[in-house]
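Have a look at the structure below before the remarks.
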Amino acid sequence: MSTLWRVADVVSAVPETETSRTIGLRVDGLMGNLAGQHIDIRLTADDGYTAVRSYSVATASMDEIIEITVDELVNGEVSPYLVRDLAVGDQLEVRGPVGGWFVWRPTDTNPVQLIAGGSGVVPLMSMIRAHEASENPSPFRLLYSLKSPQAGFYREELLTLSQRSPKLTVDYVYTRIVPQGWPTAPRRLTAETLLANIQPPDATPDTFICGQTLFVETVSEWLVEAGYPAASIKTERFGGTGGTR
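Heads up: the sequence shown begins at 172 in this note's numbering, then just goes up one per residue.
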């Protein structure tokens with residue numbers, strides 16, 4: 172982990188949804204990242220004012236290029252610039268990758284359950300990519316709760332990976348709008364829905380949960396009440412209260 176601020180070159184900027192985009196950064200001397208880590212980005216205004224925000228890394232590799240996916244926040248100081256104005260060829264100040272707790276390593280052998288709320292899927296996508304690139308045979312299952320199909324990140328890649336890989340299962344819960352022909356109506360995530368779409372406790376999965384604070388806290392409580400060991404649950408949260416809706 173580097174605690175120094177370094178210059179990153181923007182090498183790609185691809186829209187994910189109407190309010191988000193995936194940004195590729197080349198950082199000279201970077202030796203890759205662990206799946207689940209994040210970086211800090213610092214913007215400095217002309218008057219010297221600085222704003223620092225943390226963004227999960229979506230990739231997991233051993234080279235100098237990493238990707239982040241940024242969702243624009245209303246009245247945000249940093250995310251609107253990254254989503255709307257940042258261009259290929261620009262430079263950013265970055266620090267990291269950071270984090271050694273909320274990570275998955277190819278040497279880990281337990282089954283893995285991933286649970287994402289909205290943009291919380293980003294670090295979990297890093298884990299999925301690292302898993303697919305490895306020879307680790309452990310089953311991975313992702314439960315992705317989001318408002319609508321249009322709000323989903325990495326939809327085509329997740330579809331392709333889940334269709335070709337016996338190691339990965341992807342489940343969706345839509346809370347406001349469902350795709351045409353979807354077998355259920357929109358519904359908020361409940362304990363019953365959660366438990367019906369994840370690996371059972373007797374599979375002893377390592378569970379990673381990422382999303383807004385209330386989403387993460389609520390899901391964690393449901394899992395513990397259902398018999399999942401608290402020690403097997405790792406969480407990462409962002410924003411204010413949010414929710415399971």
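Backbone N, C-alpha and C define an ideal beta-carbon position, used for all residues, glycine too.
Source: prediction; values computed, not measured.
Those residues which DSSP pairs with residue i across a bridge
| i | result |
| --- | --- |
| residue 342 | 314 |
| residue 196 | 181, 237 |
| residue 377 | 283 |
| residue 226 | 210 |
| residue 386 | Paired residues: none, contrary to the question. |
Helix, strand or coil at residue i according to DSSP, with G and I counted as helix
| i | result |
| --- | --- |
| residue 363 | helix |
| residue 273 | coil |
| residue 254 | helix |
| residue 353 | coil |
| residue 264 | strand |
| residue 282 | coil |
| residue 372 | helix |
| residue 403 | helix |
| residue 392 | helix |
| residue 215 | strand |
| residue 408 | strand |
| residue 191 | strand |
| residue 221 | strand |
Cβ neighbour criterion (16 or more within 10 Å) applied to residue i
| i | result |
| --- | --- |
| residue 296 | buried |
| residue 198 | buried |
| residue 208 | buried |
| residue 407 | buried |
| residue 186 | exposed |
| residue 272 | exposed |
| residue 376 | buried |
| residue 241 | buried |
| residue 294 | buried |
| residue 254 | buried |
| residue 322 | buried |
| residue 287 | buried |
| residue 329 | buried |
Rounded distance between the beta-carbons of residue j and residue i, thought under 8 Å
| i | j | result |
| --- | --- | --- |
| residue 311 | residue 338 | 6 Å |
| residue 284 | residue 383 | Between residue 383 and residue 284 the Cβ distance is about 19 Å, and since that is not below 8 Å, they are no contact. |
| residue 299 | residue 317 | At roughly 16 Å, the Cβ-Cβ gap does not stay under 8 Å, so residue 299 and residue 317 are not in contact. |
| residue 268 | residue 214 | About 19 Å separates the two Cβ atoms, so there is no contact after all. |
| residue 239 | residue 226 | 4 Å |
| residue 183 | residue 259 | 6 Å |
| residue 306 | residue 336 | About 12 Å separates the two Cβ atoms, so there is no contact after all. |
| residue 344 | residue 360 | 5 Å |
Closer than 7 Å: residue i CB and nearest the ligand ZN heavy atom
| i | result |
| --- | --- |
| residue 377 | In the structure on display, the ligand ZN does not appear, and there are no ligands present to speak of. |
Ranges of the beta strand (DSSP E) found wholly within the region 287-336, counting only runs of at least 3: 311-317
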